[in-house]
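Heads up, the sequence shown stops at 558 in this note's numbering, and the numbers go up one at a time, no gaps. Here is the structure we will look at, set down as structure tokens.
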Amino acid sequence: MRAASRPPKLADAIAERLQAMMLEGVLRPGERLLPERELAMRLDVSRPSLREALARLEKKGLVVTARGGTTVAAFLRPLAEPLAALFRGDPRVLGDYFEYRRVVEAEAAALAARRATEVDRRAIRAIVKKMGAAHLRPDPAKEADLDADLHIAIYEASHNVVLLHMLRALAEWMRDDVFYNRQGLYARAGVRNRLLAQHKEIAEAVTAGAPEAAEAAAGAHIRFIATTLDEIRADETRQAAALRRLERSDLLAD
């Protein structure tokens, strides 16, 4: 007679639940979980079962437990950091980076427009509202951070977990200025207003459930950034050449 299958252990069920939340982007890399006692109460499980579940997740490299508590692991870092070091400062990479973003982010926006839930739409609208408030500040740093947050919210709304985690690494590269200086981009005359308008257009298309408009707006946004950065580099090259001309008299004999 065939033996009855054992029901899964509670620790397995807890680990699977937390792992699913990481996969779906609900629990994000670097976020600290509640203290063990409080987390066990929230999950309505025993502390020993929770402890065993967290140990299993730590063995997989998905959480890190230390004296200060348990944190969701930065599980993309072993891939993202060497790639960032490889890409950083190489002018050949920048064009490929924007080509990749134009293709993938346009598709992500279209998927988000098709698949976003009301929870996703509220999150996107909330970020755009914060961007509007940050836009009124002289320093664009907060608005630039919210820029990355908005892109991540759209990736989450696509409900494609592979796309979400791969593009989240790109968003962190944006924050770290791996490919270009965002402060310099935001400081260029008129660019900050254009970027806010573009972000609003993407968000409105996604929340309205208009995939073609979302795809077009996202693609246009990436093309605008790439073109503007080309203009900034050309201006810097001309400025450097002009300064060298001023130094001419210091290099030539009378």
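No residue lacks a Cβ here, since even glycine has one placed at the ideal position from N, Cα and C.
If you follow the alpha helix (DSSP H) that residue i is in, where does it begin and where does it stop?
i: Gly523; result: 515-550
i: Gly373; result: Counting along the chain, Gly373 falls outside any alpha helix (DSSP H), though it belongs to the beta strand (DSSP E) covering 373-376.
i: Phe379; result: Run containing Phe379: none; DSSP gives neither H nor E here.
i: Leu398; result: 395-419
i: Glu508; result: 495-511
Determine whether the beta carbon atoms of residue i and residue j lie at a separation below 9 Å.
i: Ala461; j: Leu450; result: no
i: Val432; j: Leu454; result: yes
i: Pro333; j: Arg381; result: yes
i: Leu533; j: Leu489; result: yes
i: Arg341; j: Arg351; result: yes
i: Trp477; j: Ala384; result: yes
i: Ala370; j: Val510; result: no
Determine the burial state of residue i: buried for a count of at least 16 other Cβ atoms within 10 Å of its Cβ, exposed for fewer.
i: Ala493; result: exposed
i: Ala389; result: exposed
i: Asp424; result: buried
i: Arg542; result: exposed
Among the options, which has the Cα closest to the Cα of residue i?
i: Leu327; options: Ile529, Tyr459, Leu547; result: Tyr459
i: Ala319; options: Glu409, Gly329, Pro339, Arg360; result: Arg360
i: Ala514; options: Leu314, Arg419, Ala445, Val495; result: Arg419
i: Gln487; options: Thr369, Val423, Ala445; result: Ala445
i: Glu411; options: Glu535, Gly523, Met345; result: Gly523
i: Ala521; options: Leu440, Arg441, Glu540, Val407; result: Val407
i: Arg346; options: Lys363, Gly329, Val367, Leu322; result: Leu322
i: Ala427; options: Val330, Asp480, Glu551; result: Val330
i: Asn485; options: Val376, Ala448, Glu403; result: Ala448
Could you give the residue range of the beta strand (DSSP E) that holds residue i?
i: Ala370; result: 367-370
Closest Cβ-Cβ distance between residue i and chain C: below 9 Å?
i: Arg341; result: This model lacks chain C altogether, as it is built from one protein chain only.
Taking just the CA atoms, how far does residue j sit from residue i?
i: Ser309; j: Ser353; result: Confidence in Ser309 is poor, its pLDDT being 44 and thus under 50, which makes the residue's placement unreliable; the coordinate value appears in the next sentence. Roughly 21 Å separates the two Cα atoms.
i: Leu468; j: Lys504; result: 21 Å
i: Ile291; j: Asp394; result: Here the chain comprises residues numbered 305 to 558, so residue 291 is not present and cannot be evaluated.
i: Ile526; j: Glu519; result: 11 Å
Is there at least one non-hydrogen atom of the ligand NAP closer than 8 Å to the beta-carbon of residue i?
i: Leu314; result: Only the bare structure without any ligand can be found here, which leaves the ligand NAP out of the picture.
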